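Once you know that position 72 of the sequence shown is 86 in the numbering used here, the rest is easy, because the numbers rise by one and skip nothing.
Glycine is no exception: its CB is placed at the ideal position from the N, C-alpha and C atoms.
This one's a predicted model, so the numbers in the text were calculated from it and none came from an experiment.
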Amino acid sequence: MALDWFASVVWTGPDGRSWDLMNGSAETGVVILDEGVDGLGAAPRTITRRGIATGGTIARWSYAGERIITLPLMLYSAAGSDEFLTLRRDLTKAFTQTTPPAGVPRPGVLRIARRDGTWREVSAVYLDGFGWTDDSGRGVTDDVAVVQLVATDPWWYGALEVAVDFQAPAPRSYLSPYETVSPETAFGTQTVLVRGDAPASPVWTITGPATSVSVGIPGGPSWSFGAVTSGEVITVDVGASTVTDQTGANRIGDLGWPSSTLFTLPPGEVDIAVQMEGWQSSPTPSSVRLAYRPRLETA
15 MALDWFASVV WTGPDGRSWD LMNGSAETGV VILDEGVDGL GAAPRTITRR
65 GIATGGTIAR WSYAGERIIT LPLMLYSAAG SDEFLTLRRD LTKAFTQTTP
115 PAGVPRPGVL RIARRDGTWR EVSAVYLDGF GWTDDSGRGV TDDVAVVQLV
165 ATDPWWYGAL EVAVDFQAPA PRSYLSPYET VSPETAFGTQ TVLVRGDAPA
215 SPVWTITGPA TSVSVGIPGG PSWSFGAVTS GEVITVDVGA STVTDQTGAN
265 RIGDLGWPSS TLFTLPPGEV DIAVQMEGWQ SSPTPSSVRL AYRPRLETA
């Protein structure tokens, strides 16, 4: 793989520390080697098949499986063996902390940036590679580790994008015979372009007040929420399956169960219908914001 395509490759562990994996100009650093990089393309597929009497099979279902990422890393230090040993120990911990000896894995994030300023990232945990088997005579001031990571969610994610804002209209003069003062229902349907290669998990942000809110795809899945008071901000995170207010309190019980479905958005043009009752236009207008992170096949 030609790493010249990349502006940077950065690993961030669950402790928040980031490591530049293309740091070839520093006195002590880490560089990804060109040869041996794997797992940055399409996620592997699993296909469920059923045999047929005349021979062969019928493909019944397919899904994307977990992704194995292989990164050959060269560690070096021109400052001496002590600095190299510190680098090797610290980098080992940066990856292995994602999979404790006995505990729940905590993924890190591998982010790959392009020269046009765009980036994609994937969450992953350490699998293998830091055994430090020295069979090359190296290991004093430089060494190579072929690190393998597992991304159980195989999709790469782009930056959070705001797709559309549904907002209460500006207040109108009550003196005009052709305008109304405060309609009780607003917003309607808009067509949204959802980027990516797989269904996106939206994040909906509701700013009150409202007596009720309903969101859905016309003719498809939908969800509804009860009253939102003035000053309240409700976040409906479909990917995390959480509903919280501005204090972090759990508000999932305020969804209109059992008819509500926290639906994903397929790639392409999608019609979104939003209805809000009991809204206000000032001083802070009631609104519903749709944001999402594109889910992408490759780095």
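Reference residue i; option with closest CA among the options
i: ALA73; options: ILE82, ARG63, GLU80, ASN37; result: ARG63
i: PRO281; options: GLY292, ILE248, THR243, PRO216; result: PRO216
i: PHE277; options: VAL250, SER300, GLU291; result: VAL250
i: PRO86; options: THR243, VAL160, LEU279; result: VAL160
i: LEU6; options: ARG128, ILE83, GLY202; result: The question about residue 6 has no answer here: the residues shown for the chain are numbered 15 through 313.
i: MET36; options: GLU49, ASP29, GLY30, ALA21; result: ALA21
i: TRP146; options: ALA138, GLU80, VAL158, ARG31; result: VAL158
i: SER32; options: LEU105, ASP259, ILE46, THR68; result: LEU105
i: ASP29; options: ARG120, GLU246, VAL176; result: ARG120
i: ALA173; options: TYR140, ALA214, GLY53, LEU54; result: ALA214
i: VAL252; options: SER39, GLN260, VAL45, SER236; result: SER236
i: ARG129; options: TRP19, THR166, LEU99, ASP179; result: TRP19
i: PRO297; options: GLY245, ASP259, GLY38, PRO168; result: GLY245
i: ALA177; options: ARG81, ASP285, GLU49; result: ASP285
i: LEU279; options: GLY234, ASP34, VAL45, GLY38; result: GLY234
Sequence-distant residues of the same chain with beta carbon closer than 6 Å to residue i, five excluded per side
i: TYR4; result: An answer regarding residue 4 cannot be provided, because it is not within the stretch 15 to 313 covered by the chain.
i: GLY27; result: ALA108, GLN111, GLY122
i: ARG125; result: VAL24, TRP133, GLU135
i: GLU41; result: ALA92, ALA93
i: VAL154; result: SER95
i: GLY292; result: ALA224, THR225
i: ALA287; result: THR203, GLY230, PRO232
i: ILE220; result: VAL227, VAL242, ILE248, VAL302
i: ALA254; result: none
i: VAL139; result: THR112, THR113, PRO119, PRO121, VAL164
i: GLU49; result: none
Where residue i falls: helix, strand or coil (DSSP)
i: ILE266; result: helix
i: PHE144; result: coil
i: THR199; result: Legend: pLDDT at THR199 = 48, less than 50; position of this residue unreliable, no value from coordinates given.
i: THR219; result: strand
i: GLU97; result: helix
i: LEU85; result: strand
i: PHE109; result: helix
i: ALA169; result: The sequence as given places Trp at residue 169; Ala does not occur at that position. Coil, per DSSP.
i: TRP19; result: helix
i: ARG64; result: strand
i: ARG120; result: coil
i: ARG59; result: strand
i: ARG102; result: helix
i: VAL154; result: coil
i: GLN162; result: strand
i: ILE231; result: coil
Contacts around residue i, its chain only, beta-carbon distance under 7 Å, and the 5 residues preceding and following it disregarded
i: ALA56; result: GLU311, THR312
i: TRP75; result: THR62
i: THR243; result: GLY222, PRO223
i: ALA182; result: ALA200, TRP293, GLN294, SER295, PRO299, SER300, SER301
i: GLU198; result: Because GLU198 sits at a pLDDT of 42, beneath the cut-off of 50, its placement in the model cannot be relied upon, and the point is left open.
i: THR71; result: ARG63, ARG64, GLY65
i: GLY240; result: SER226, ASP268
i: ASP179; result: SER301, ARG303
i: GLY143; result: ALA159, VAL160, VAL161, GLN162
i: SER196; result: Caution applies to SER196, whose pLDDT of 39 falls short of 50 and renders its modelled position unreliable; the value that the coordinates give is listed next. Around SER196: no qualifying Cβ.
i: LEU12; result: Outside the displayed range of the chain (15 to 313) lies residue 12, so it cannot be described from this structure.
i: ALA184; result: SER295
i: THR68; result: none
Cβ-based neighbour list, residue i, same chain, cut-off 8 Å, excluding 5 preceding and 5 following
i: SER238; result: SER226, VAL227, SER228, VAL229, LEU269, GLY270, SER273, SER274
i: TRP59; result: A small correction: the amino acid at residue 59 is Arg; Trp does not occupy that position in the sequence shown. If we look at ARG59 and ignore the five residues flanking it on each side, its Cβ neighbours are SER76, TYR77, ALA78, GLY79.
i: PRO191; result: Interpretation of PRO191 is limited by its pLDDT of 48, a score under 50 that renders its predicted location unreliable; the figure taken from the coordinates is listed afterwards. Contacts found: none.
i: LEU99; result: none
Bridge partner(s) assigned by DSSP for residue i
i: ARG134; result: ILE126
i: ARG309; result: TYR171, ALA212
i: ILE72; result: ARG64
i: VAL257; result: VAL250
Any chain B beta carbon closer than 8 Å to residue i
i: GLY43; result: Absence of chain B from the displayed structure is noted, only one protein chain being present.
### Query
If we count Cβ pairs, one from each stretch, closer than 8 Å, do we get three or more for the segment 116-125 versus the segment 91-106?
no
### Message
Check whether the segment 299-312 and the segment 207-227 are in contact - that is, three or more C-beta pairs closer than 8 Å.
### Response
yes
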